[in-house]
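Numbering (the working numbering), first residue to last: 1 to 282.
Working notes for the structure below.
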């Protein structure tokens, strides 16, 4: 009986330890790896939305909250994803809009010769928006007031409540982002895979140095390696088959990527000069 109680107590301690890891370490580290445009929308933050269509091509939406901040960006076509994860979200409308205009201009998506259709749901913060917009852009503006549901219908979204509409618009936007990522990653090859693997390995080195870790078992890592982004755009991640551990202050790792059914893998034996392929006797 006592032996059973001891086993149950040990199981309980393991569960508590796992919960602590997930809440205190895993989730914060994962959130830190997310970009500004990632995550899911909170429809309660909706106060107004302004959709901007430039030259009948570049199409995106700005959701504004009660504090006059850009709470969310919606990407309605592939060219608008130049604004993805540029830390525009949570900026005040004037500062965020200036950054948006600069990015669009730098990527030749907006000029004084452009035709700009500006669709607003209501008048909240709209005058502030237009003051900044007109001070920086001299394009041919076509201004319209249109309901959120009518904007959604343009994307074949037919819902009644604002919350349902916003959720569906958010999913539509995420699909645009994902398709754009797939297109950008279509030229994946050995040289790029090595670069991505080195990027992840250096992140592991940073974890070691930041935490001053000399020993860490494979089964007790600080963060799941498959949650560590392999590029600054946060579009590429190692497979769940990847792993790492730290011994005598050195980082050992197996980093694998999968593209179109092909495996690209590298084995790091405590240095940043890996062998290609699987780690032997690990």
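Just so you know, even glycine gets a beta-carbon here, dropped at the ideal spot from N, CA and C.
Quick caveat, the model's predicted, so the values are computed rather than measured.
Should residue i go down as buried or exposed, given a rule of 16 or more other Cβ atoms within 10 Å for buried?
| i | result |
| --- | --- |
| residue 31 | Only weak support exists for where residue 31 lies, its pLDDT of 40 falling under 50; the coordinates are left without a value. |
| residue 67 | exposed |
| residue 69 | buried |
| residue 107 | exposed |
| residue 248 | exposed |
| residue 158 | exposed |
| residue 214 | exposed |
| residue 173 | buried |
| residue 178 | exposed |
| residue 80 | buried |
| residue 258 | exposed |
Quick check: what's the CA-CA separation for residue i versus residue j?
| i | j | result |
| --- | --- | --- |
| residue 236 | residue 222 | 20 Å |
| residue 73 | residue 61 | 6 Å |
| residue 264 | residue 76 | 33 Å |
| residue 245 | residue 109 | 46 Å |
| residue 25 | residue 243 | Summary for residue 25: the model assigns pLDDT 41, below 50, so the residue's position carries little reliability; its value from the coordinates is reported in the next sentence. Cα-Cα distance, rounded: 17 Å. |
| residue 283 | residue 272 | The requested residue 283 is not part of the displayed model; the chain covers only 1 to 282. |
| residue 164 | residue 239 | 33 Å |
| residue 195 | residue 43 | 39 Å |
Looking at residue i: is its Cβ nearer than 7 Å to the Cβ of residue j?
| i | j | result |
| --- | --- | --- |
| residue 361 | residue 136 | The question about residue 361 has no answer, for the chain in this structure spans 1 to 282. |
| residue 71 | residue 48 | no |
| residue 268 | residue 276 | no |
| residue 162 | residue 148 | yes |
| residue 119 | residue 153 | no |
| residue 166 | residue 128 | no |
| residue 131 | residue 51 | no |
| residue 180 | residue 78 | yes |
Report the partner residues of residue i according to the DSSP bridge assignment.
| i | result |
| --- | --- |
| residue 141 | 116 |
| residue 258 | 263 |
| residue 55 | Bridge partners of residue 55: none, in fact. |
| residue 269 | 252 |
| residue 60 | 52, 75 |
| residue 216 | 246 |
Q | Contact between the stretch 108–123 and the stretch 87–97 (3+ Cβ pairs under 8 Å) | A | no
Q | the stretch 249–259 contacting the stretch 196–203, beta-carbon criterion three pairs below 8 Å | A | yes
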